[in-house]
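S.K.: A single structure is presented below for examination.
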Amino acid sequence: MRHRPLALTLVILACGGSSFSSSEGSSYRVLFIGNSLTAYNDLPHVVAALGALVGDTIIVEAVTRPNLAVIDHVNGASNAVSVIRQGRWDYVVLQQGPTSQQIGRDTLIIASKLLDPDIRRAGGRPAELMTWPASPDIASFAGVLQSCVDAARAVDGVCFPAGQAWRAAWAVDPSVPLYGPDGFHPSELGTYLAALVVYEGVTGHEATALPGTAYANGHSLDTPLNTVRLLQQVAHQAVLSYSK
């Protein structure tokens, strides 16, 4: 089911859809299509909330289903295609699992190409969201990044390199807790870092200019200021390097 955005600072969370807006600044419409990596800690709402902190209106909707690849959405496992067609979007963010292997990369590219005409007719641009491998497969980050870059290039889209920002944060401080308890889904801080990347990718406004408080799942996180600033900096650098 698709949910209509409200013209207030509200969040609606039901049936795989969400909406959020603020009343000042620049305005953007973003649709997320993905699985539990997007739904966990409500990444779309976190992106919208970050914008609201600095007067940007980011109206978000989401179509997420557990375990789906983007090609599954294309093939009718959700109503994602009709949601694309019925809306007006600045970006449609496509997210699937780590996609570090060639077969997953190939199907992501195929799915992105199939969705691209509808995204363009809706006024939008495709954005591939780089996620992260499960913790036992941490060595495969390079392959995950390559899939994001290749899929974006195939449709003249953009790569939102959240997983690259994760890796950069760990290069500075390996103790930053970005994985959740299962070693695959993000912690709230991991979702916050991914949201920083998407926020800057969508708006072009630097993540480093955001307030020094981390946020996810509808509440502020008890995270030291130096960690928050580290995450904002690595998000900014990742977007500069890979979101063209």
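The letter at position 187 of the sequence shown is residue 995 when you use the numbering used here, and the numbering goes up by one with no holes.
For each residue, glycine too, the CB sits at the ideal point set by N, CA and C.
Computed from a predicted model, the values in this text were never measured in an experiment.
In the DSSP assignment, find the unbroken alpha helix (DSSP H) run with S1049 in it and report its ends.
M.R.: Element bounds for S1049: 1033-1050.
S.K.: My output table needs one value for R873: the three-state DSSP class, helix, strand or coil.
M.R.: R873 falls in the coil class under three-state DSSP.
S.K.: Helix, strand or coil: how does DSSP classify R933 here?
M.R.: The answer is strand: DSSP assigns R933 an E or B state.
S.K.: Taking F949 as part of the alpha helix (DSSP H), name the residues at either end of that continuous run.
M.R.: Its alpha helix (DSSP H) spans residues 949-962.
S.K.: For L984, does the three-state DSSP call read helix, strand or coil?
M.R.: It is worth fixing the name first, because residue 984 is Val in this sequence and not Leu. V984: coil per DSSP, three-state reduction.
S.K.: When DSSP labels each residue in this structure, what does L1018 get in the three-state scheme?
M.R.: The answer is coil: DSSP assigns L1018 none of H, G, I, E or B.
S.K.: Could you tell me whether the region 877-885 touches the region 1023-1030, where touching means 3 or more Cβ pairs closer than 8 Å?
M.R.: Counting Cβ pairs under 8 Å, fewer than three are found: no touch.
S.K.: If you run the structure through DSSP and keep just helix, strand and coil, what is V862?
M.R.: In this structure, V862 counts as coil in the three-state DSSP scheme.
S.K.: Within the same chain, show all residues whose beta-carbon is closer than 7 Å to that of P874, passing over the 5 residues directly before and after it, in chain order.
M.R.: These residues qualify, in order along the chain: N843, S844.
S.K.: Relative to the C-alpha of V1042, which residue among V984, Y848, G912 is closest?
M.R.: Looking at the Cα atoms, V984 is the closest of the given residues.
S.K.: So, is N1034 buried or exposed, given that buried needs 16 or more other C-beta atoms within 10 angstroms?
M.R.: Exposed, since its Cβ has fewer than 16 Cβ neighbours within 10 Å.
S.K.: Opposite G842 in the DSSP bridges: which residues?
M.R.: Note: G842 sits in a beta bridge opposite T872.
S.K.: Pull up the distance between the alpha-carbon of S835 and that of V868, whole angstroms please.
M.R.: Computed Cα separation, rounded: 11 Å.
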